[in-house]
Amino acid sequence: MNSNEYLNKLKSSLTKYFDIELDKELGGRQFSLYGRYYTRNSKYFALRKFEVYSFKINEYVLYHNCNNLDVDYINELKEYIKDNVDNIVIRDSETMSSAITLLISSEEDIDNDTIKSVKKFKFYKSYDWGFKGWVNVKLILVNLKTNQAYSNSLGRREKKRFIFLK
Amino acid sequence: MDNEKVKEFLNNFKLFFQGATDFNRKSQSLLMKESHNEMDDFILLCFGDILGIPIPTSYYSLELLPLIADDLDGWQRRMVSRLYIWGEKWGDFDLDA
Amino acid sequence: MNSLILVLSVIIIFIIAYATYGSYLCKTWGLDPKKQTPAHTMEDGVDYCPAKAPVLLGHHFASIAGAGPIVGPIQAAVFGWLPVMLWIVIGSIFVGGVHDMGALFASVRHDGKSLGEVIHSTMGDTGRKLFSWFAWLTLILVIAAFTAICAGLFVSTPAAGSTSILFIILAIAFGFFVYRKGAGLGVSTVVGVVLLFACIWLGMRFQFTAGFTKSTWVIILVAYITVASVAPVWILLQPRDYLNSFLLYAMIIGAVLGLVILHPTIEAKSFVAFNTGNMNYLFPMLFVTVACGAISGFHALVGSGTTSKQIDNEKDVKLIGYGSMLIEGVLATIAIITATYIATPELGELLSDGGPMNVFATGIGNFMQSFGIPFETGKVFTSLAISAFALTSLDTATRLGRFIFQELFDNRQSADEKANVLTNKYVSTVITAGLGGLLAVMGYAKVWPIFGSANQLLAALALLTLAAYLKKSGKSNKVAVIPTIFMFVVTFAALVLLIIQKSADFATNWILVIIAAILLVLAVVLARFGYKTLTETTEEKIKG
Amino acid sequence: MNKIVFFGGKGGVGKTTCSASYAVFSAKSGLKTLLVSTDPAHSTSDIFEKKIKNEITNILPNLDAIEISGEKESKIYMDNVKISLKNVVSPVIVKEINKQIDAASISPGTEEAALFDKMIEIITEKNDEYDRIIFDTAPTGHTVRLLTLPELLGAWLDTLIKKRSKSVTLMSMANHHGQTDKKDIDNDEVIKILRKRYEKINKAKKIMMEDKLLSFIFVINAEKLPIDETVKAINILEKYNVLVDGIVVNKILPENMKDDFWKSKKEQEQKYLDIIMETFKGKKIFKLPLLQEDMKSNNIENIADKFSEFN
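Residue numbers (the UniProt record's numbering), protein chains in the order written: chain A, 1 to 166; chain B, 1 to 97; chain C, 1 to 544; chain D, 1 to 311.
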């Protein structure tokens, strides 16, 4: 399966709940797919406007294909996230958590130490010790030849979701 | 009190505590909504001609009518409230977002 | 009389009442299982989605059960346990049950709109302002009552105080790891519960809050609720509620088990006096002190808010409305037993020392001792559970009070007008919590009856709405009219009595007198207003 | 000749007489035969002078017959649905649903669909009981649709089963905290019915299409219109890889025609016969003479014998 097919499959799987933009440029990097999911929960008492509390949750999926992956590519990605997290995530006073899924697919095989660095990848940022919410990043790498996915610890539960068999 | 009633009472008791400490009501209602949407599409495929959409195979789905008859008028109301017959439901549009 | 026999007989009476009177209500009100409930007709998968009856009963019970059914009956035990028991049984069956089931039924028949919305929409603008003032005052009283109760408890058993503080810290840490670090819920729940018992043990070992007096505790509690109700919900409120539920249900199971094993005989006197001094007459005060055990307006607002949108079939209205009230009646009975198996003089002394919570905690501590849990641990565990319960209600009440306060003073026509300072989130919270704290310092015994009467007034209003609705739809509403009149009479009598009683030494509790007076005025106005709008719509409906 | 034989052709070309005589022939040659008549006119009973209702009745040794009518079949089907409606649904809805069923029973496609259902049932169930099943089917268009039906129905049923099981899985996930309970899907009534019908359709498709048990005989007259139509039909059938075995040219005029009118008719017939020979080269072509009087039980025997050369 090549990256175009993967892109279409990814788009159709996300389109139900995500607002999707193709070929979006964010902080100097080009992503072939940008998906945003947003929900607001509130508990009210007696009247709908008497809200006891409310909070918002954001989810972003940033996908691009890259065939020559190596360790510095992953490190460079970490730098990119560090600098650009604030203009990726849209926040307001009620926003609780924002989860960014960095999805990379590669049509070539991936060497072991890249996979190790993906597994070790960690990024967590809280605003005012979590009072104003926080951001978690899941890094998921999909090998299109063997249909295998590697992810950091946070992405473990989700990586199956991004494997599309023929 | 045959054990059928006992089993049913115990199950209700478990459900009571499940309801009291239920923390995944939101995810449960999302799953239920998805399931109801799929069911609405299913009924559309079987009994579309109730809404005036000619379904060539409606003869064969008459057999399912007794099992689906209960929420037919609920289904009709939901179908009418859809933006277009196969598209998202009106409720899915978070207008005040 | 052995307590176990008392509880069992109460349960049997309730089952009979459920089958007979409950079904009678269903028939007269015309509850029709074939009719489509709002959960089906307006299903949108967010608010309106049908839920199984037992799950909904559990959810409804969890949202209405508070510290009320525990504090009220114990406080009223001062009149002797027999009148309280009679009121709990009769109240639950004929007044409270009708009220809860009626509120749910009326709401189901109004497309799941909550009673608040029904009252809100039927009253004009002034009515709405009055209703908001009334709600805000009631919430202030709730804050005052529960702060005072907790403060009394923490002073009487310092271990409970220190444990609660440790529990708050545990909740925040739990929230941090599960929410932000993505630790598995299953694993962290186990760790959380283990740490919970570690807190109890630590709290008992180093009672670092031993020296605190009652007023210092009130200040700490007011500060706590101010911060807690302003901080985002995922910091403290949600993780704490999650851990609370384990505490609460462990306590209920422990109490029931202990009661069955120990089945103590009732020592306290069955009847003390019609007037236990200082004009504390049995007639109005008993019915106002025992709020949640027999009837409480608070249920109508909760029940008709979210539960009615999820009723799957009209026959569930009886189970959830009537059933949950009866379960609370049983809970109140257990509470009264924890107080009355001690002889009356000791009861009075315990009551003055730490208030009803202390009595309840001691009682449950003894119950748990019967199956091997050391008394001290049992007592601290129960008081931690009760205070956690009270803190949750405090939190909700403060958030709501702040919101209503903001809305009351938010008379800006357009958005860009400068919001006056009162509508600022922090200012309104401080005012609401501060006023509550001031009242709490007055002492819990003075505040609770006023809160009770405000609550019963709300109940009377709900019953009035139900009576009007039944008349409008051509059904006999004497099942609702009699309780309505009874509740209005009780509330007026109680308020008048309280005003006279409190104005004896006007200097110290002038605030209470003023609040009672405002409530009285509001009661009269709301009753007349409610009656007029509801009967008016009735004629116009029939004419129109 | 294959196990299941379809006699196709335009209305009035003598399909019933051909299929009846062929049935007699195959019964006499020792094969246990079932003649299925789907013609609304039910001329088979007239030929054998025996009342053949819509269940299998024996006419001759080794030969059974059945007349299936769409109208009767759909009535039975509708009544079954109405009966099962009684014990499942609240009376208020039953009245409204009955209205729905009555409306459906008079809609155009119903009788045809009921007929197809019965034919498929016969093919799948009676396949082992009889050595040969002969269908005297209605006009060509009808037959072609019958053969393509399994394809259409199969796909439709497949989608329905997928959608229903997705809905049931989601519901069981909601009730079991995210895990699906296999039992919910297996004993779901709707899926059971759909699966039963899906298997029946697949079996029929397998018999008709894959196992090559089915063959087709076209009955035509020596005229222009039947020839063109038959060519078109054969192309369609070949598309669904259905084997068209032979062509029976019926109502051939006797040889020695006297007056001019019939003589010119004879020449014209001969011209068409040559065209037929030409266009249907690969197929077996078999001529049947125009009969003096109607075919009845007494003279069916000698027509049947003619089929021996055909076989």
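Cβ coordinates follow ideal geometry from the N, Cα and C atoms, glycine included.
Taking 3 residues as the minimum length, the beta strand (DSSP E) runs contained wholly in the region 22-66 of chain A are 29-45 and 47-65, in order along the chain. Around Lys26(B), the same chain offers no residue with a beta carbon nearer than 6 Å, after the five sequence neighbours per side are excluded.
For Glu189(D), the chain B residues whose Cβ falls inside 7 Å of its Cβ are Leu67, in order along the chain.
For Leu154(A), the chain C residues whose C-beta falls within less than 7 Å of its own C-beta are Gly182, listed in chain order. Under the Cβ criterion (8 Å, minimum of three pairs), the region 71-81 of chain C counts as touching the region 335-352 of chain C.
Contact between Lys119(A) and Asn152(A) holds: CB atoms are separated by about 6 Å, below the 8 Å threshold. Shown here, Asp245(D) sits in a strand according to DSSP, grouped into three states. For Val142(A), the uninterrupted beta strand (DSSP E) segment begins and ends at Trp134 to Asn143. For Val78(C), the three-state secondary structure derived from DSSP is helix.
In this structure, the beta-carbon distance from Val178(C) to Pro83(C) does not fall below 8 Å. In the DSSP assignment, the residues bridged to Pro289(D) are Ile252(D). Linking Ala335(C) to Ile149(C) through their CA atoms gives a straight-line distance of about 15 Å. Annotation: Phe208(C) is outside any beta strand (DSSP E) and is labelled neither H nor E by DSSP. At least 8 Å separates the beta-carbon of Val5(D) from that of Leu60(D). Ile101(D) has a beta carbon lying within less than 8 Å of a beta carbon in chain B.
Not a single C-beta of chain B is nearer than 8 Å to the C-beta of Thr44(D). In this structure, the straight-line span from the alpha carbon of Ser503(C) to that of Phe176(C) is close to 50 Å. Residues of chain C whose Cβ lies closer than 8 Å to the Cβ of Glu51(A) are, in chain order, Phe403.
Taking the beta carbon of Leu15(B) as reference, the chain C residues within 8 Å of it are Lys52, Pro54, Val55 and Gly58, listed in sequence order.
DSSP places Gln148(A) in the strand class (E or B) of the three-state scheme.
Sequence-distant partners of Ser162(C) (beyond 5 residues in either direction) whose C-beta falls short of 6 Å from its own C-beta, in its chain, are Gly203, Gln207, Phe208 and Thr209. In chain B, no part has a C-beta under 7 Å from the C-beta of Ala517(C); the shortest such distance is about 40 Å.
About 24 Å separates the beta carbon of Phe271(C) from that of Gly68(C), a gap too long to meet the 8 Å contact definition. A direct Cα-Cα distance of roughly 13 Å separates Leu103(A) from Lys78(A).
With respect to the 8 Å criterion, Leu31(C) and Lys475(C) are not classified as neighbours on the basis of their beta carbons. A Cβ-Cβ contact shorter than 8 Å links Leu65(B) with Leu85(D). Of the candidates Ala39(C), Ile13(C), Phe371(C) and Leu57(C), the residue whose Cα lies closest to the Cα of Phe16(B) is Leu57(C). Below the 7 Å Cβ cutoff, chain A contributes no neighbours of Val108(C), its closest Cβ being approximately 16 Å away. In the structure shown, the three-state DSSP call for Tyr59(B) is helix. When Cβ pairs closer than 8 Å are counted between the two stretches, the region 293-301 of chain C is seen to touch the region 88-97 of chain C, the count reaching three or more. Around the CB of Gly52(B), fewer than 16 other CB atoms lie within 10 Å, so the residue is classed as exposed.
In this structure Leu139(A) is in contact with Phe121(A), their Cβ atoms being roughly 4 Å apart against a cut-off of 8 Å.
A direct Cα-Cα distance of roughly 49 Å separates Ser63(C) from Ala155(D). For the pair of segments examined, the region 441-451 of chain C was found to touch the region 128-147 of chain C: the number of CB pairs separated by less than 8 Å reaches three.
With its beta carbon at least 8 Å from every one in chain B, Ser476(C) lies outside the interface. Under the DSSP definition of a beta bridge, Asn221(D) partners with Asn250(D).
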